[in-house]
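In the working numbering, the protein residues as written are 9 to 327. Here a beta-carbon is modelled for each residue, glycine too, at the ideal position from N, C-alpha and C. Only a predicted model underlies this, so the values are computations on that prediction, with no experimental measurement involved. Comments concern the structure below.
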Amino acid sequence: MNCKNILTKELYIRLYNKGLTDKEIANKIGMNSSHISRYRKNKLNLPLLRDIIDLNKYQEEVLIGTLLGDSSVRFVHPKMKNSNLTFVHSPKNRGYFTTKYNIFKNVMSSCGEYICRSKFVEGNKLVATGRALKCMNKYQSIFYINNIKIIPIEYLRENFTNISLAYLFMDDGNRNGKTINLNMQSFTLNELKDFVSFLKNKFDVEFNIKKDKTLYLRYRSRINFYNLVKDHIIDEMQYKLSGIRSSLNSVNCLEHPEMGNQQPSSCSDTEKGSTTSSESQVDNNSTTKAEQLSVLDEIYKATLLIGDRFIRPPRGFKI
Numbered sequence: 009m010n011c012k013n014i015l016t017k018e019l020y021i022r023l024y025n026k027g028l029t030d031k032e033i034a035n036k037i038g039m040n041s042s043h044i045s046r047y048r049k050n051k052l053n054l055p056l057l058r059d060i061i062d063l064n065k066y067q068e069e070v071l072i073g074t075l076l077g078d079s080s081v082r083f084v085h086p087k088m089k090n091s092n093l094t095f096v097h098s099p100k101n102r103g104y105f106t107t108k109y110n111i112f113k114n115v116m117s118s119c120g121e122y123i124c125r126s127k128f129v130e131g132n133k134l135v136a137t138g139r140a141l142k143c144m145n146k147y148q149s150i151f152y153i154n155n156i157k158i159i160p161i162e163y164l165r166e167n168f169t170n171i172s173l174a175y176l177f178m179d180d181g182n183r184n185g186k187t188i189n190l191n192m193q194s195f196t197l198n199e200l201k202d203f204v205s206f207l208k209n210k211f212d213v214e215f216n217i218k219k220d221k222t223l224y225l226r227y228r229s230r231i232n233f234y235n236l237v238k239d240h241i242i243d244e245m246q247y248k249l250s251g252i253r254s255s256l257n258s259v260n261c262l263e264h265p266e267m268g269n270q271q272p273s274s275c276s277d278t279e280k281g282s283t284t285s286s287e288s289q290v291d292n293n294s295t296t297k298a299e300q301l302s303v304l305d306e307i308y309k310a311t312l313l314i315g316d317r318f319i320r321p322p323r324g325f326k327i
């Protein structure tokens with residue numbers, strides 16, 4: 009088939025701008041990929057797509073958070089010039105997996121559900137694999153030393169945002185009573201200490217490091233943390249914040265982090281109403297004073313009969 013009758017400059021550029029590789033364009037229009045590559049290079053003088061694709065600001069913020077969590081940037085083998093993004097999740101988190109895949113869709117190659125053959129983990133896994141791209145080399149060099157993932161504190165100071173924190177939480181966070189944990193045990197203790205200090209200085213949220221290297225969000229920081237991440241937590245992951253929400257008394261507490269642990273005005277109004285109601289019952293209480301003293305006298309007599317053993321007064325008994 010004559011490529012001149014099929015491939016035009018307008019067609020190629022339209023597909024190229026959609027992010028399709030030479031191979032993908034060839035498959036789409038039914039041509040040999042070598043013809044497409046020569047056409048791009050010799051006729052259009054366009055660079056390889058893998059050399060010019062880059063992340064936008066939002067993608068970078070998400071990537072930074074998830075690289076501290078479940079995602080990785082790696083070279084498939086030592087001879088590769090470019091690295092790729094990969095992440096794996098359980099099928100029960102399919103919605104979150106799909107959200108991440110869609111965010112990075114322009115740099116991804118494939119995704120699917122695979123049977124896990126590890127002797128440590130049973131069941132299927134959702135796996136997303138990215139294209140080998142030049143733009144990913146930057147993050148591989150920042151987040152890895154000798155192929156071991158690190159926490160690059162200096163880089164985080166300028167680039168880690170509340171969006172990054174939200175995706176780290178969705179990757180590696182869990183509910184713990186009325187607060188949350190971050191499970192980052194793969195990092196060294198010194199790295200975690202630096203990271204905890206960084207979060208305190210940047211966001212005014214405090215974590216304690218437990219013996220197993222779990223990061224435990226201090227109760228007094230729960231409102232600040234909630235307000236930082238709430239707008240970026242997808243519906244499927246809202247359950248991880250349910251403990252914090254249950255500990256808060258009103259919507260005002262959520263919307264105004266400066267209130268800290270103070271009671272909102274609506275709570276105060278309720279308390280005032282309760283006080284007024286109590287005061288209105290003083291007269292009724294005083295009318296039953298004699299009856300209460302009579303009951304107390306009976307309890308005292310019963311105590312003498314059983315050898316001075318303490319008897320708990322009836323529930324609700326008051327003088």
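- For I14, the CB contacts under 7 Å within the same chain, skipping 5 residues up- and downstream, are I37 and M39 in chain order.
- Only residues of its own chain outside the window of five on either side were considered, and among them K157, I158, I159, F203 and K221 have a CB closer than 8 Å to the CB of F195, listed in chain order.
- The beta carbon of F83 is closer than 6 Å to those of S91 in its chain, skipping five residues each way along the sequence.
- Note on the stretch 193-259: whole alpha helix (DSSP H) runs with a minimum of 4 residues are 197-211, 230-237 and 250-255, in chain order.
- Close CB contacts of Y163 within its chain, under the 6 Å cut and outside five residues either way in sequence, are with I150 (chain order).
- Under the three-state reduction of DSSP output, M116 falls in the strand class.
- L197 is classed as exposed because its beta carbon has fewer than 16 other beta carbons within 10 Å across all chains shown.
- Close CB contacts of Y175 within its chain, under the 6 Å cut and outside five residues either way in sequence, are with V70, G73 and T74 (chain order).
- If you check the CB distance, K208 and G251 do not come in under 8 Å.
- A buried status is given to T169, since no fewer than 16 other beta-carbon atoms sit within 10 Å of its beta-carbon.
- Judged by beta-carbon spacing, L223 lies beyond the 8 Å limit of Y234, meaning their Cβ atoms are not closer than that value.
- When DSSP states are grouped into helix, strand and coil, T16 belongs to the coil group.
- Within the DSSP secondary-structure output, R58 pairs in no beta bridge.
- Non-local beta-carbon contacts of G77 in its own chain, meaning distances under 6 Å to residues more than five positions away in sequence, involve L176, D179 and D180 in chain order.
- Here the alpha carbons of I44 and D30 stand approximately 6 Å from one another.
- Here A136 is bridged, per DSSP, to F95 and C119.
- Under the 10 Å beta carbon count, Y66 is surrounded by fewer than 16 other beta carbons and is classified as exposed.
- About 6 Å separates the beta carbon of S117 from that of G138, a gap short enough to meet the 8 Å contact definition.
- As a beta-bridge residue in DSSP terms, T187 pairs with N184.
- Judged by DSSP secondary structure, V81 falls within the beta strand (DSSP E) whose first and last residues are S79 to R82.
- In this structure, F105 keeps its C-beta atom at 8 Å or more from the C-beta atom of L93.
- In this structure, DSSP gives I156 an extended state, which the three-state scheme calls strand.
- Of the residues assessed, I231 falls on the buried side of the cut-off, its CB having 16 or more other CB atoms within 10 angstroms.
- In this structure, R183 is the residue among F206, R183, E244 and Y247 with its C-alpha nearest to the C-alpha of Y227.
- By the CB criterion at 8 Å, A136 and C124 fall outside the cutoff.
- Between L236 and F215, the CB-CB gap reaches or exceeds 8 Å.
- Leaving aside the five residues that flank E244 on each side, the residues in its chain whose CB is nearer than 6 Å to its CB run, in chain order, G103 and Y104.
- From the listed residues F206, I217 and R165, the smallest Cα separation to L190 is found for I217.
- Annotated as distal: Y147 and V96, with beta-carbon spacing of 8 Å or more.
- About 6 Å separates the beta carbons of F206 and I161, which is inside the 8 Å limit, making them a contact pair.
- Under the three-state reduction of DSSP output, L63 falls in the coil class, being neither helix nor strand.
- Ranked by Cα distance from I61, the first of K133, M144, V213 and R165 is M144.
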